[in-house]
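A short write-up of the structure that comes next.
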Amino acid sequence: MPESRPTPPALPALRGSLIAALIALAAPVHAEQPSSDARWVSDSLSTYVRSGPTNGHRIVGTLKAGQKVTLIGSQGEYSQVRGQSGDLVWILNSDLQAVPGQAERLPQLDSEVAQLSEQLKTIDDSWKARVQGMQETLDSRKALIDELEKRNKGLNEQLDQAQSSLRDTQARLGDENKQVMMRYMVYGGSIAGAGLLLGLILPALTRGRKRNDRWF
């Protein structure tokens, strides 16, 4: 089965980190690239708009948070914009932003989060499948090792029995060799003794016959 790999239990934390990073970076990375005169009302408020570029001009209405407007021009702290109704009004520069609001970005973010979650699920399933495959491989190898160890143990036992039988056979052969040698020695001694006895008896018999032959 060793490289460094994330284990399946770490994937939920990885998924959460990636989703958080995506949401945090979504505004500058995935924001719609505005034209030079496109602006959006800040998400944090619904703001009053005036008839002129100063606080002294009368309030003529409100713009909703995240509403898209068209920038006409700027003067001091105010910008003149055209709303969706086509009216020209003035709004504080600080109440405008150059990127779409959250209401416009959230569907795209939801789609991207869903895609990312699906990718992470695919990665999770892939890792689980790989881990399961590795586990099955390890189990099969362990079973093979156990089988080989069992066979090796059996062969060692057979070897021990064969060696014990060989020692017993060698011991019996040694005893039989000793017995054979003893028999040879006994037979040899008997033959030598018989020959010596015959060697002593035959001359005596021969001399006795010769004496008897003289008397007749």
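Counting with mature numbering (1 follows the signal peptide of the UniProt record, and there is no 0), you get residues -31 to -1, 1 to 185 for the letters of the sequence shown. No residue lacks a Cβ here, since even glycine has one placed at the ideal position from N, Cα and C.
Would you check if the distance between the CB atom of residue i and the CB atom of residue j is smaller than 8 Å?
i, j, result
"VAL68", "VAL58", "no"
"ALA83", "LYS37", "no"
"GLU46", "LEU65", "no"
"LEU40", "VAL18", "no"
"PRO22", "GLN53", "no"
Can you tell me whether residue i is buried or exposed? The criterion is at least 16 other CB atoms within 10 Å of its CB, across all chains shown.
i, result
"SER48", "buried"
"GLY35", "buried"
"ASP56", "exposed"
"GLY143", "exposed"
"GLY102", "exposed"
"GLY162", "exposed"
Roughly how many angstroms lie between the CA atoms of residue i and residue j, to the nearest whole one?
i, j, result
"ALA140", "SER109", "46 Å"
"ASP42", "ILE92", "Here residue 42 turns out to be Gly, not Asp, going by the sequence shown. Approximately 50 Å between the Cα atoms of the pair."
"LEU167", "GLY158", "14 Å"
"GLN148", "TYR156", "12 Å"
"residue 197", "LEU117", "Outside the shown range of the chain, which is -31 to 185, sits residue 197, and nothing can be said about it."
"ASP137", "LYS97", "59 Å"
"SER80", "VAL100", "30 Å"
"ASP115", "LYS122", "10 Å"
"GLU145", "GLN132", "20 Å"
"GLU126", "LYS111", "22 Å"
"ARG152", "LEU135", "25 Å"
"SER63", "SER95", "49 Å"
"LEU128", "MET150", "32 Å"
"LYS90", "LEU113", "34 Å"
"MET154", "PRO172", "27 Å"
"GLU87", "ARG120", "49 Å"
Below 6 Å CB to CB, which residues in the same chain sit around residue i once its five sequence neighbours on both sides are set aside?
i, result
"LEU165", "none"
"GLY30", "VAL18"
"SER20", "HIS26, ARG27, VAL29"
Can you find the residues in the same chain that come closer than 7 Å, C-beta to C-beta, to residue i, ignoring five residues on each side of it along the sequence?
i, result
"ILE170", "none"
Cutting at 8 Å between CB atoms, please list the residues of its own chain near residue i, excluding the five before and the five after it.
i, result
"ILE160", "none"
(message) Which runs of the beta strand (DSSP E) at least 3 residues long sit entirely within the region 57 to 136? Give them in chain order.
(response) 57 to 61
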